[in-house]
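S.K.:
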Amino acid sequence: MTATITAFARSPDRGNGLARDMRLRWALEEVGQPYEVRLLSFEAMKQPAHLALQPFGQIPTYEDGDLALFESGAIVFHIAERHPGLLPDDAKARARAIAWMFAALNTVEPPVFDRALARILERDQPWYEQRLHGLEDIIRKRLDGLSRHLGDADWLDGAFSAGDLLMVTVLRRLQGSDVLGEYPNVAAYVARGEARPAYKRAFGAQLAVFTAASTR
Ligand code: GTB
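Numbered according to this note's numbering, the sequence shown terminates at residue 263, and the numbering increases by one at each position without gaps.
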C-alpha cells in the first residue's frame, strides 16, 4: 500500500524545504518508496479529522494501511526500519546511527529552531540582540562538537544514514548565517546532503506544491 503523508497546502517558507514534511519525502525517496501527499490548510490542521492523527494539529503525519504516525523523527525511523538504505545492518553501527537521529532532534535542533523563531517573532523586542547572541553561542557549542566529530568525513558514522538525513534538515535552517559559515566542514556536509539525488527529488516535489499554490 502506498503511504500518505501530510504537508502544508501553502508552506510559509515559500517552498524552501524547511517544513518537516521534507524529512519524510527525503527518507521515502532514499529508500525508493512511492508516497502520496494530502495537503492541508492551517484551518484543516486544527480540525478533528487531523487532530485524530496529530494531537498538536501539525504536519507532517504518515498513514500506511491502518498505521497512522506523527512526529517526523518517529516517521523517519519507521521508514528506515522497514526499508534498507537508511540504517546499517550491523547492530552497533545501527545503534550509533539512531543516536545521531536523537542528537539531531534533541541536541542540535532546539537552539537552531529557537533562533529561527526568534528571528521571526522577537525581532521587535528590546532584548532581541541579546537573545540572538545567546542562542548563537549555544549553536556554536553544538557546531563545535559536530565539526570536530565530522572532521573531513562525508557522513557522521560511515555510510549516509537516517542520522545524517535528520541532521542535514536541521542544519539547513542555518544556511546563509554567519554562524554556519564559521564551520566550513559542516557547511560542506549540508551541501553534500542536498546534492543527493533523493534529496533533490524530495525538494522538487515540495517546491512544486508551493509553485502550484502561488499560481492559483
Ligand atoms: N515535532 C514535530 C515533528 O517533528 O513532526 C513538529 C511538527 C511541526 O513543527 N510542524 C509544523 C507545523 O505544523 C510545520 S514544520 N506548524 C503549524 C502549527 O503548529 O500550527 C515547522 C516549520 C514551520 C514553518 C517553517 N517555515 O516557514 O520556514 C519551517 C518549519
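For every residue, glycine included, the Cβ atom is placed at its ideal position computed from N, Cα and C.
1. Let me make sure I understand the geometry here. Which of Thr51, Trp73 and Glu118 has the alpha-carbon closest to that of Lys247?
2. Can you grab the Cα-Cα spacing for the pair Ala242 / Leu164, in whole Å?
3. Tell me the rounded alpha-carbon separation between Phe117 and Pro107.
4. Does at least one heavy atom of the ligand GTB sit under 7 angstroms from the Cβ of Asp60?
5. In the DSSP assignment, what residue or residues form a beta bridge with Val84?
6. Kindly provide the ranges of any alpha helix (DSSP H) runs that are 4 or more residues long and lie completely inside the region 123–169, ordered along the chain.
7. Give me, in chain order, the residues of the same chain whose beta-carbon lies closer than 6 angstroms to that of Phe250; leave out the 5 immediate sequence neighbours on both sides.
8. Taking 7 angstroms as the cut-off, is the beta-carbon of Ser119 closer than that to any non-hydrogen atom of the ligand GTB?
9. Which of the three DSSP states is assigned to Tyr236 in this structure?
10. Quick one: give me the first and last residue of the beta strand (DSSP E) that Asp111 is part of.
11. Near Ser119, which residues of its chain fall below 7 angstroms by C-beta distance, leaving aside the five closest residues on each side in sequence?
12. Return the CA-CA distance between Gln94 and Phe149, expressed in angstroms with no decimal places.
13. Give the straight-line distance between the Cα atoms of Leu320 and Ala99, rounded to the nearest whole angstrom.
14. Is there at least one non-hydrogen atom of the ligand GTB closer than 7 angstroms to the beta-carbon of Leu65?
15. Nearest CA to the CA of Phe257: which residue from Thr49, Phe124 and Gly62?
16. Taking DSSP's pairing of strands, which residues face Ala115 in a bridge?
17. Give a yes or no on whether the minimum CB-CB distance between Gly132 and chain B is below 8 angstroms.
M.R.: Looking at the coordinates:
1. Walking along the sequence shown from the start, residue 247 turns up at place 200. Out of Thr51, Trp73 and Glu118, Trp73 has the C-alpha closest to the C-alpha of Lys247.
2. Within the sequence shown, residue 242 is the residue found at index 195, counting from 1. Within the sequence shown, residue 164 is the residue found at index 117, counting from 1. Distance between the alpha carbons of Ala242 and Leu164: 27 angstroms.
3. Locating residue 117 in the sequence shown gives position 70, counting from the first residue. Locating residue 107 in the sequence shown gives position 60, counting from the first residue. Cα to Cα, the separation comes out at about 7 angstroms.
4. Here the question's residue 60 lines up with position 13 in the sequence shown. Answer for Asp60: yes, Cβ within range of the ligand GTB.
5. Looking up residue 84 in the sequence shown gives position 37. For Val84, which the question treats as bridged, DSSP gives the partners Ile52.
6. The qualifying runs are 138–149 and 156–168.
7. In the sequence shown, residue 250 corresponds to position 203, counting from 1. Within the same chain, Phe250 has close Cβ partners Gly64.
8. Position 72 of the sequence shown, counted from the first residue, corresponds to residue 119. At least one heavy atom of the ligand GTB is nearer than 7 angstroms to the Cβ of Ser119, so yes.
9. Within the sequence shown, residue 236 is the residue found at index 189, counting from 1. It is helical.
10. Residue numbering aside, residue 111 sits at position 64 when the sequence shown is read from its first letter. That run of the beta strand (DSSP E) goes Thr108 to Asp111.
11. Translated into the one-based positions of the sequence shown, residue 119 becomes position 72. Result list for Ser119: Arg67, Arg70, Leu71 and Pro107, in chain order.
12. For the purposes of this step, residue 94 is identified with residue 47 of the sequence shown, where counting begins at 1. For the purposes of this step, residue 149 is identified with residue 102 of the sequence shown, where counting begins at 1. Going by the C-alpha atoms only, they are around 30 angstroms apart.
13. Beyond the ends of the chain as shown, which are 48 and 263, falls residue 320; an answer cannot be given.
14. The residue you call residue 65 lines up with position 18 of the sequence shown. Look at Leu65: its beta carbon is less than 7 angstroms from one of the heavy atoms in the ligand GTB.
15. Taking the first residue of the sequence shown as 1, we reach residue 257 at position 210. Selected option, being the one with the closest Cα: Gly62.
16. In the sequence shown, residue 115 corresponds to position 68, counting from 1. Answer by DSSP bridge pairing, in chain order: Glu110.
17. In the structure shown, chain B does not exist; there is a single protein chain.
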